[in-house]
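To start, the structure itself, in structure tokens.
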Amino acid sequence: MSAPDWDVIVIGAGPAGALAAHQLARCQLRVLLVEKRVFPRWKVCGSCLNGVALRALEEAGLGHLVGDLGAVPLGRIRLGLQGRQLELALPAGRSLSRGRLDLALCEAAVAAGAVLRSPCEATVARSHPGGRKVLLRSGTDVQTTSARVVLVATGLGSSGLSSPGLGRTGLGPDLPIEMRISPRARIGAGCELDAGVSGYDRGTIHMAIGRHGYVGLVRNETGALNLAAAFDRPHLIAAGGPASCAAAVLAAAGFDPLPEAAAATWRATPALTRRCKPLAAERVLLLGDAAGYVEPFTGEGMGWALMGALALVPLVLQGQREWHSDMEREWSRRHTRLIGSRQRFCHGLAFTLRRPGLSRGLLAAARRWPALTAPLLQHLDGASCQRITPEPCP
Ligand SMILES: Cc1cc2nc3c(=O)[nH]c(=O)nc-3n(C[C@H](O)[C@H](O)[C@H](O)COP(=O)(O)OP(=O)(O)OC[C@H]3O[C@@H](n4cnc5c(N)ncnc54)[C@H](O)[C@@H]3O)c2cc1C
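Counting from 4, one number per residue, gives the positions in the sequence shown under the numbering used here.
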């Protein structure tokens, strides 16, 4: 029995994978971080870090990145629905382009000792005594390597792990993990507009809410205007694409039109709302969006991804000595405790936003009695959220 090549292989270098690689490399583990795209890369995302995400970066010793990279402080959120608007003061938040943030997190992981392989696509393969095999594909070159623990942080592109014969979930042949995509799942879409476009002031999140989806707009550190949206799939098809859907949502919300968006390059995501069960298999742990996602309205997927990365470190360290099936159940339990209540809140909001009468009533009530918005603002701040203090390395 040969020893595995690596202590940990992390598949996917988004916030979840890069932070996990950073934390584990700091503990002197031999970490291979595999990313299929070349960084810096643009990604469909609102690019807003909420209180939870900012605190997780601080806990990881990377809080300085936010200032170093010039992230824009977010002071306000403006909600627009059926021509009516409501502006609220935000308790916390920064906007920062994903190109810059993800590259910086990846560099921090490498500086801590992780080895980065990119561009390279990884596939989880069979377990073997003491480890789990992983296939690495760069162009036509395919290699097999192995690790004691494999972290799957592949975002919504988990199906990117599929290849013929690799099981129902596409995650691997002997991974008893089921991924369910909600039949009503919306599709994410986004683009970036030049800093020269007018309107939409810096430091404010603009959220236009329509019957078939919503569009979030925010200026990032370069002044560019980032658009990130979620639309019902049938509407997206009927409207002829994300640009026309977004134009209709902005108009209905009473926001300034953005003719530049019609000519922009839009990118779309796979279906958003999904859950995976369980969140682990022998020597494999899922984190970030790969472990499940709801909708982007509350702008907190990066917070979940970063918190998850901090929370699984103790289990990965334990898995270096030996692997017990209890650890798989423990990760599912920890993840639910940490992120489950936030995801339920998000499901509740998604339910409300799909009912125009209910949303309109709530907006009207919030305009009259602003105290009603307290739960939403507390949620965005996440101050009551469990703190994860990284454990000292053994
Ligand atoms: C429209 C929209 C708006 C959003 N707005 C916000 C927001 O404002 N704030 C917020 O916090 N969150 C937001 N989110 C959510 C946020 O983008 C995600 O939750 C976050 O990116 C999850 O991080 P992750 O590391 O799990 O996945 P990702 O960031 O998706 O990273 C996964 C990485 O894995 C790589 N990968 C995939 N498969 C493989 C493979 N087989 N081999 C190697 N590499 C692979 C991918 O290339 C990618 O780089 C938004 C999402 C959407 C769709």
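Where a beta carbon is used, it is the ideal one built from N, C-alpha and C, also for glycine.
Sorry if obvious, but does the Cβ on residue i come closer than 7 Å to a heavy atom of ligand 1?
i: L228; result: no
i: G20; result: yes
i: T157; result: yes
i: C388; result: no
i: R277; result: no
i: D292; result: yes
i: P299; result: yes
i: K136; result: no
i: S149; result: no
i: I80; result: no
i: I14; result: yes
i: A256; result: no
i: K39; result: yes
i: G54; result: no
i: C48; result: yes
i: G73; result: no
i: A396; result: Note that residue 396 corresponds to Cys in the displayed sequence, not to Ala. For ligand 1, not one heavy atom lies less than 7 Å from the Cβ of C396.
i: T392; result: no
i: A124; result: The question names Ala, but residue 124 is Glu in the sequence shown. Yes, since a heavy atom of ligand 1 falls inside the 7 Å radius drawn around the Cβ of E124.
i: M305; result: yes
i: E206; result: For the sequence presented, residue 206 should be read as Gly rather than Glu. No, the beta carbon of G206 sits no closer than 7 Å to any heavy atom of ligand 1.
i: G244; result: no
i: C248; result: no
i: C349; result: no
i: A233; result: yes
i: G385; result: no
i: T272; result: yes
i: G216; result: no
Here's the rule: buried if 16 or more other CB atoms are within 10 angstroms of the residue's CB, otherwise exposed. What is residue i?
i: L104; result: buried
i: D197; result: exposed
i: H67; result: exposed
i: P373; result: exposed
i: F354; result: exposed
i: G20; result: buried
i: C280; result: Going by the sequence as given, residue 280 is Lys instead of Cys. K280 should be labelled exposed.
i: G142; result: exposed
i: R390; result: exposed
i: Q31; result: exposed
i: R277; result: buried
i: L375; result: exposed
i: R2; result: The structure shown has nothing for residue 2, since the chain only spans 4 to 397.
i: L361; result: exposed
i: V41; result: exposed
i: C396; result: exposed
i: A368; result: exposed
i: L291; result: According to the sequence provided, residue 291 is Gly. The question's Leu does not apply to it. When all chains shown are included, G291 counts as buried.
i: Q346; result: buried
i: H215; result: buried
i: L164; result: For L164, the predicted structure reports a pLDDT of 43, less than 50, and the residue's modelled location is therefore unreliable. The matter cannot be settled from this model.
i: G15; result: buried
i: P262; result: exposed
i: A377; result: exposed
i: A155; result: Note that residue 155 is Val in the sequence shown, not Ala. Flag for V155 reads buried.
i: G73; result: exposed
i: S162; result: Below a pLDDT of 50, predicted positions are generally treated as unreliable, and S162, at 46, falls in that range; the measurement from the model is reported next regardless. Label assigned to S162: exposed.
i: G193; result: buried
i: V145; result: exposed
i: T207; result: buried
i: E394; result: exposed
i: S130; result: buried
i: P76; result: exposed
i: P18; result: buried
Measure how close the beta-carbons of residue i and residue j come, nearest whole angstrom, since I'm counting them as under 8 Å.
i: T157; j: D8; result: Contact doesn't hold; Cβ gap of about 20 Å is too wide.
i: A231; j: P132; result: Between P132 and A231 the Cβ distance is about 45 Å, and since that is not below 8 Å, they are no contact.
i: H25; j: L108; result: 7 Å
i: R336; j: A314; result: Actually they do not touch by this definition, with Cβ atoms about 11 Å apart.
i: C51; j: G302; result: 5 Å
i: G311; j: I342; result: 7 Å
Nearest chain B C-beta to residue i closer than 8 Å, yes or no?
i: P94; result: Reference to chain B is not applicable here, since this structure consists of a single protein chain.
**Report entry** contact_flag[the segment 82 to 100, the segment 206 to 215] where n(CB pairs < 8 Å) is 3 or more
**Finding:** Touching, yes.
Query raised in the report: Touching or not, the segment 281 to 297 and the segment 326 to 337, by the rule of three or more beta carbon pairs under 8 Å?
Result: Because the criterion of three Cβ pairs below 8 Å is met, the segment 281 to 297 and the segment 326 to 337 touch.
Query raised in the report: Do the segment 238 to 250 and the segment 221 to 229 touch if we need at least three Cβ pairs shorter than 8 Å?
Result: Counting Cβ pairs under 8 Å, fewer than three are found: no touch.
Query raised in the report: Given 8 Å as the limit, is there contact between the segment 263 to 270 and the segment 315 to 323, that is, 3 or more CB pairs closer than that?
Result: Because the criterion of three Cβ pairs below 8 Å is not met, the segment 263 to 270 and the segment 315 to 323 do not touch.
Query raised in the report: Any contact of the segment 215 to 223 with the segment 251 to 258, i.e. 3+ C-beta pairs under 8 Å?
Result: With the cut-off at 8 Å, the segment 215 to 223 and the segment 251 to 258 touch.
Requested in this report: Take every Cβ of the segment 301 to 308, pair it with every Cβ of the segment 54 to 65, and state whether three or more of those distances are shorter than 8 Å.
Outcome: Because the criterion of three Cβ pairs below 8 Å is met, the segment 301 to 308 and the segment 54 to 65 touch.
Requested in this report: Count the CB pairs spanning the segment 8 to 17 and the segment 117 to 135 that are closer than 8 Å, and state whether there are at least three.
Outcome: Output reads yes: the segment 117 to 135 touches the segment 8 to 17.
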